[in-house]
Ligand code: PGA
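What follows is the structure, given as structure tokens:
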């Protein structure tokens, strides 16, 4: 299977989010083969978007979660509150939160624990900076982020977790790593994470690629066996282009099904 996740960031308000959700459902109409689709609206739009997506095959994710269950935490949102709104996935450790809002590896770990405790599927983002990439430090950076993120975390089944490899320098920049670099990063992530979770074999763990994915390059990433899907930012709020990414994923799945 392939998974396509749209991260709408803080790009669209409630009305536009509802329109995007409706448009996405139209793209799927009549398709016998389609990827698993997850859209991640801003918190303010979750409730209205859920009304559109209820009873559809499209899932809803949140863009963040707090690590405590409840209490005096002004401005924060708990995992329990998210599940009440129909959220099933949550993005954790996105580089924008790490760099702009001071989110640390320890916070990421606590959020993962909390999300899992409430049955949410964490979509954990990791990736190196441009300097680390240029210095050949991608793997050691991924190792540092992943070891910290999964310290003391338990998962029983691979469906409880998604990981997104998102090089910081590729996000919103129009630049992407070579497909071969993505493949080797995914192989590394798979190997490392499966060492934490003995119950999950490395091949079945879902690793998505994110960073300047668009209608032109989506197919090249998605057709690789090592790439279980894509996390799409900017293009996910441009309905026509996001639809093209969904179509690319569907075409990959169709091609694979005819080769079986
Ligand atoms: P982008 O963002 O597709 O705009 O590069 C990806 C992300 O931030 O998840």
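Numbering (the numbering used here), first residue to last: 1 to 260. Glycine included, each C-beta is placed from N, C-alpha and C at the ideal position.
Under three-state DSSP, which class holds residue i?
| i | result |
| --- | --- |
| residue 217 | coil |
| residue 171 | coil |
| residue 60 | strand |
| residue 46 | helix |
| residue 229 | strand |
| residue 134 | helix |
| residue 162 | strand |
| residue 36 | strand |
| residue 121 | strand |
| residue 126 | strand |
| residue 4 | strand |
| residue 234 | helix |
| residue 23 | helix |
| residue 65 | coil |
| residue 155 | coil |
Using 8 Å for Cβ pairs, my map puts residue i next to residue j. What's the rounded Cβ distance?
| i | j | result |
| --- | --- | --- |
| residue 115 | residue 79 | 5 Å |
| residue 82 | residue 120 | 6 Å |
| residue 171 | residue 136 | Going by Cβ atoms, the distance from residue 171 to residue 136 rounds to 20 Å, so no, they are not a contact pair. |
| residue 146 | residue 100 | Contact doesn't hold; Cβ gap of about 22 Å is too wide. |
| residue 25 | residue 56 | 6 Å |
| residue 205 | residue 194 | 6 Å |
| residue 217 | residue 176 | 6 Å |
Do residue j and residue i have their beta-carbon atoms positioned less than 7 Å apart in this structure?
| i | j | result |
| --- | --- | --- |
| residue 252 | residue 232 | no |
| residue 168 | residue 186 | no |
| residue 215 | residue 244 | yes |
| residue 236 | residue 6 | yes |
| residue 18 | residue 52 | yes |
| residue 125 | residue 166 | yes |
| residue 123 | residue 91 | yes |
| residue 39 | residue 229 | no |
| residue 10 | residue 42 | yes |
| residue 246 | residue 88 | no |
Which residues in the same chain as residue i place their Cβ atom closer than 8 Å to its Cβ, once the five residues preceding and following it in sequence are excluded?
| i | result |
| --- | --- |
| residue 67 | 107, 110, 111, 113 and 114 |
| residue 250 | 31, 33, 34 and 35 |
| residue 258 | none |
Below 7 Å CB to CB, which residues in the same chain sit around residue i once its five sequence neighbours on both sides are set aside?
| i | result |
| --- | --- |
| residue 50 | 60, 85 and 86 |
| residue 151 | 109 |
| residue 224 | 179 and 183 |
| residue 73 | 66 |
Suppose the cutoff is 6 Å on Cβ atoms and the five residues either side in sequence are ignored; what does the same chain contact list for residue i look like?
| i | result |
| --- | --- |
| residue 174 | 212 |
| residue 130 | 169 |
| residue 118 | 79, 80 and 83 |
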